[in-house]
Amino acid sequence: MAFMVGGREPAGDGERTAGLLEAGIALAGMGVPVLPCHWPVPLRPDTDGWTRLGCSCGQDDCPRPARHLLDGMEIADATTDVVTVAQWWTGGLCDANVATVAGAAFGVVELRHSARPAQVRAWLAAFEAEPGPVLDAGLGLVQFLTSVGDRAPRYAPIGQGTGVRWLGHGELVALPPSRLTDRYEVSWLQGLSGVTLPDGGRLFEVLARLPAAREPAEWTQQRAEVR
Ligand SMILES: [Zn+2]
Numbered sequence: 083m084a085f086m087v088g089g090r091e092p093a094g095d096g097e098r099t100a101g102l103l104e105a106g107i108a109l110a111g112m113g114v115p116v117l118p119c120h121w122p123v124p125l126r127p128d129t130d131g132w133t134r135l136g137c138s139c140g141q142d143d144c145p146r147p148a149r150h151l152l153d154g155m156e157i158a159d160a161t162t163d164v165v166t167v168a169q170w171w172t173g174g175l176c177d178a179n180v181a182t183v184a185g186a187a188f189g190v191v192e193l194r195h196s197a198r199p200a201q202v203r204a205w206l207a208a209f210e211a212e213p214g215p216v217l218d219a220g221l222g223l224v225q226f227l228t229s230v231g232d233r234a235p236r237y238a239p240i241g242q243g244t245g246v247r248w249l250g251h252g253e254l255v256a257l258p259p260s261r262l263t264d265r266y267e268v269s270w271l272q273g274l275s276g277v278t279l280p281d282g283g284r285l286f287e288v289l290a291r292l293p294a295a296r297e298p299a300e301w302t303q304q305r306a307e308v309r
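Heads up: the sequence shown runs through residues 83 to 309, numbered per the working numbering.
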């Protein structure tokens, strides 16, 4: 079964639902346990007339919009059974985002940083750290899928508001083509097919040494110092 790699064009509702169903089945078929999670829904038009998106859980201050468990579901419900997966997305959960669980098929290193993906890739190359599958998980957020690794979460700050996080086992990770409440769609920067899962601990350490600044000159300078 071929797996779609890379971004998708914004789709109409029918196509989007098919995309979620197909992705869920493809992932389960590749041995990645998946489960449905919350998704973005249009809110009432604001006083300025614009319609914004909120989380389908209905909480205004949802801490993990469109990326958390549905009521009545547990982490343990994640499955590689394609029949169950097909039933979820052809049933009442046709709009649900597709998620997997950190620590199930892989570990997850999450990088929140203003650097462009190409800069991050060059940084990893400077340390001879080869990324495995990589998710573009929202504005300024990149998630690296790695070997399963440690159970406990870890965090290393990089400057203000940026940092690298090792997701603890059991945390939910939205997979393509999940949509976010800022109208962003999770996509693969590097897909699952034909790549080896890197060591999560090493990737974490290399990313934690990223420079806080994004100016190309400073990047070049700091990379030169690393070599
Ligand atoms: Zn929510």
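The beta-carbon is built from N, C-alpha and C at its ideal position, and this holds for glycine as well. All values derive from a computational prediction rather than experimental measurement.
Range covered by the beta strand (DSSP E) that runs through residue i
i	result
Gly136	Leu135 to Cys137
Gly245	Gly245 to Trp248
Pro122	Pro122 to Pro124
Val216	Val216 to Asp218
Val255	Leu254 to Leu257
Arg233	That residue, Arg233, is in no beta strand (DSSP E); it is neither H nor E in DSSP.
Pro118	Leu117 to Cys119
Gln272	Ser269 to Gln272
For residue i, the nearest candidate out of the options (CA to CA)
i	options	result
Pro124	Ala105, Gly250, Val230 and Pro147	Pro147
Asp313	Asp163, Cys119 and Asp281	Because the chain is modelled from 83 through 309, residue 313 falls outside the range shown and cannot be assessed.
Pro239	Met155, Val288, Val277 and Ala208	Val288
Cys137	Gly273, Trp121, Asp128 and Asp218	Trp121
Thr162	Ala197, Met112, Ala211 and Gly214	Met112
Arg233	Val190, Gln169, Asp264 and Leu257	Val190
Pro258	Gly243, Pro215 and Val277	Pro215
Pro293	Ser196, Gly220 and Trp248	Ser196
Tyr266	Gly222, Gln272, Gly283 and Val246	Gly222
Between the CA atoms of residue j and residue i - distance to the nearest angstrom
i	j	result
Ala186	Pro199	26 Å
Trp270	Arg126	31 Å
His150	Leu254	6 Å
Pro235	Cys139	25 Å
Pro92	Val268	In this predicted model, Pro92 has a pLDDT of only 40, less than 50, meaning its place in the structure is not dependable; the value taken from the coordinates is given anyway. Whole-angstrom Cα-Cα distance: 12 Å.
Leu279	His251	16 Å
Leu285	Val224	13 Å
Met83	Arg291	With a pLDDT of only 34 at Met83, under 50, the local geometry of the prediction cannot be trusted, and no value is derived from it.
Ala178	Trp171	7 Å
Ala184	Thr129	39 Å
Thr228	Val180	19 Å
Gln169	Ala158	17 Å
Met86	Ser275	Note that Met86 scores 38 on pLDDT, short of 50, meaning its location in the model is unreliable; the coordinates nonetheless yield the value given after this. If I take the Cα positions, the gap works out to 9 Å.
Ala204	Leu103	34 Å
Ser24	Gly231	Given that the chain is displayed from residue 83 to residue 309, the structure contains no residue 24 and the question cannot be resolved.
Unbroken alpha helix (DSSP H) run spanning residue i, endpoints
i	result
Ala200	Pro199 to Ala208
Phe286	Gly282 to Ala290
Item checked: Unbroken stretches of the alpha helix (DSSP H), 4 residues or longer, contained in the stretch 126 to 196 -> Listed in chain order, the complete alpha helix (DSSP H) runs (minimum 4 residues) inside the stretch 126 to 196 are 164 to 172.
Margin query: If you measure from each CB to the nearest heavy atom of ligand 1 and keep those under 6 Å, what residues do you get, in chain order?
Written below: Qualifying residues, in the order they occur: His120, Cys137, Cys139, Gln141, Cys144, Pro147 and His150.
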